[in-house]
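Engineer: Under our numbering, the first residue of the sequence shown is numbered 1, with each subsequent residue one higher. Ideal placement from N, C-alpha and C gives every residue a C-beta, glycine not left out. Bear in mind the structure is a predicted one, so any value in this text is a computation, not a measurement.
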Amino acid sequence: MKTLTARQEGFAVAVAKGSTKADAYRQNYKTDGWSNEAVGKEGERISRNPEVAQKIMELTARKTETANGEFDMTVKKLLQTYIEIAFTDPNELSRVEVGACRHCWGVGGEYQWKEREYAKALDTWQRQHHAWDTKAPDKRGDEPQMPEPLGGFGYRFTAPPNPHCSECEGRGLEFVRVMDTTKLSPGAKHLYRGVQQTKDGIKVLFGDKDKALDSIGRMLGAFDDRLRVDLKGAVASLQLTTSDPQEAARAYQTMLTGASG
Ligand SMILES: [Zn+2]
Numbered sequence: 001m002k003t004l005t006a007r008q009e010g011f012a013v014a015v016a017k018g019s020t021k022a023d024a025y026r027q028n029y030k031t032d033g034w035s036n037e038a039v040g041k042e043g044e045r046i047s048r049n050p051e052v053a054q055k056i057m058e059l060t061a062r063k064t065e066t067a068n069g070e071f072d073m074t075v076k077k078l079l080q081t082y083i084e085i086a087f088t089d090p091n092e093l094s095r096v097e098v099g100a101c102r103h104c105w106g107v108g109g110e111y112q113w114k115e116r117e118y119a120k121a122l123d124t125w126q127r128q129h130h131a132w133d134t135k136a137p138d139k140r141g142d143e144p145q146m147p148e149p150l151g152g153f154g155y156r157f158t159a160p161p162n163p164h165c166s167e168c169e170g171r172g173l174e175f176v177r178v179m180d181t182t183k184l185s186p187g188a189k190h191l192y193r194g195v196q197q198t199k200d201g202i203k204v205l206f207g208d209k210d211k212a213l214d215s216i217g218r219m220l221g222a223f224d225d226r227l228r229v230d231l232k233g234a235v236a237s238l239q240l241t242t243s244d245p246q247e248a249a250r251a252y253q254t255m256l257t258g259a260s261g
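(1) Note the first and the last residue of the continuous alpha helix (DSSP H) segment covering LEU79.
(2) Between the alpha carbons of GLY261 and ASP180, how many angstroms are there, rounded?
(3) Just to confirm my understanding: we take ASN162, look at its own chain, exclude 5 residues before and 5 after, and list those with CB closer than 7 Å. What are they?
(4) Specify whether the stretch 141–148 and the stretch 117–132 touch according to this definition: at least 3 beta carbon pairs, one from each stretch, less than 8 Å apart.
(5) Pull up the CB-CB distance for LYS17 and GLU51, whole angstroms please, since I reckon it's below 8 Å.
(6) Please report the distance separating the alpha-carbon of ILE83 from that of MET73.
(7) So, at 8 Å on beta carbons, what are the nonlocal neighbours of GLU110 in its own chain, with the 5 sequence-adjacent residues on each side left out?
(8) Go ahead and pull the three-state DSSP assignment for SER215.
(9) Relative to the C-alpha of LEU191, which residue among ALA14, VAL98 and GLY207 is closest?
(10) Just how far apart, CA to CA, sit THR182 and GLN8?
(11) By how many angstroms is the C-alpha of THR134 removed from the C-alpha of GLN126?
(12) Suppose the cutoff is 7 Å on Cβ atoms and the five residues either side in sequence are ignored; what does the same chain contact list for HIS129 look like?
(13) Kindly indicate the opening and closing residues of the beta strand (DSSP E) around PRO173.
(14) If you check the beta carbons only, do LEU184 and ALA86 fall under 7 Å apart?
(15) Quick one, are the C-beta atoms of ALA24 and ALA14 less than 7 Å apart?
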């Protein structure tokens, strides 16, 4: 096979990249003063040169191969994302936990304080009592009562409930815990859709697990034999008629939609 000249090679590359033959010719040859018709004719002639035609075919095939490879990667990534959404434990994002009530571990079943809380309550009481004390006796009302420390200190809401607690009967108190979203696992990152501030507090938003499961089923061909993606991520039954990955993705999407109908 004859070696292509630099101009012929440039022409082949331009055509493989999608230029018209006339444009490819203009980009690689001197055409000053030529009519469009003349340029078109020459472009046509060069493209019929067997070596040039061979080169264009090779380059186009390589481009399609690359596009297919990229497309397979996109499908693989998509499948992986759906798998993570479907199978990541939602507890990684927010959970309901149960801890001790105030009486579970209080001395004699009495109300148990946190130290700092009690100091604050005591401080408030002292101020109220002082105000009460300085009022005229006929305007005082009831004397503020000192906070009761009988149940003792060291309350921890994360401690397990006391099965013998007479107040909660061992059920404890449930509290909702939102996890630190800056420290999520890769799977949880896909499941996490942000938070919403509501009047009742923070609402954690989740990806749709049912929809993800459904998508996995469809991608693996569980519902339809027309579409089958093997686990290595290769698209087996999908015939690519285009080398443009975006167009391929659109075609693929259309097939997915079609498969569900
Ligand atoms: Zn209790």
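Structural biologist: According to the data block:
(1) One-based indexing of the sequence shown puts residue 79 at position 79. It spans 50–87 - the alpha helix (DSSP H) in which LEU79 sits, taken as one unbroken run.
(2) The residue given as residue 261 occupies position 261 in the sequence shown. The residue given as residue 180 occupies position 180 in the sequence shown. Any reading at GLY261 needs caution, since the residue's pLDDT is 39, under 50, leaving its predicted position unreliable; the model's value is listed next. Their Cα atoms are separated by approximately 40 Å.
(3) Counted from its first residue, the sequence shown places residue 162 at position 162. Hits under 7 Å: ALA100, CYS104, TRP105 and GLY170.
(4) Verdict: yes, contact present.
(5) Reading the sequence shown from its first residue, position 17 is the one you call residue 17. Reading the sequence shown from its first residue, position 51 is the one you call residue 51. Not quite, the Cβ-Cβ distance comes to about 18 Å (not below 8 Å), so this is no contact.
(6) Translated into positions along the sequence shown, residue 83 becomes position 83. Translated into positions along the sequence shown, residue 73 becomes position 73. Going from the Cα of ILE83 to the Cα of MET73 covers about 15 Å.
(7) Looking up residue 110 in the sequence shown gives position 110. Within the same chain, GLU110 has close Cβ partners HIS103, GLU148, LEU150, GLY151 and GLY152.
(8) If you number the sequence shown from 1, residue 215 lands on position 215. DSSP, reduced to helix, strand and coil, places SER215 within a helical segment of the structure shown.
(9) If you number the sequence shown from 1, residue 191 lands on position 191. When only C-alpha atoms are compared, the closest one is GLY207.
(10) Residue 182 sits at position 182 when you count from the first residue of the sequence shown. Residue 8 sits at position 8 when you count from the first residue of the sequence shown. Taken atom to atom, the span from the alpha-carbon of THR182 to that of GLN8 is near 55 Å.
(11) On the sequence shown, residue 126 is found 126 positions in, with the first residue counted as 1. On the sequence shown, residue 134 is found 134 positions in, with the first residue counted as 1. Roughly 12 Å between the two C-alpha positions.
(12) The sequence position of residue 129 within the sequence shown is 129, counting from 1. Same-chain partners within the cutoff: PRO144.
(13) Position 173 of the sequence shown, counting from 1, holds the residue named residue 173. It should be noted that the sequence gives Leu, not Pro, for residue 173. Run containing LEU173: 173–178, per the beta strand (DSSP E) assignment.
(14) The residue labelled residue 184 in the question sits at position 184 within the sequence shown. The residue labelled residue 86 in the question sits at position 86 within the sequence shown. No. Outside cutoff.
(15) Residue numbering aside, residue 24 sits at position 24 when the sequence shown is read from its first letter. Residue numbering aside, residue 14 sits at position 14 when the sequence shown is read from its first letter. In this structure, ALA14 lies closer than 7 Å to ALA24 by Cβ.
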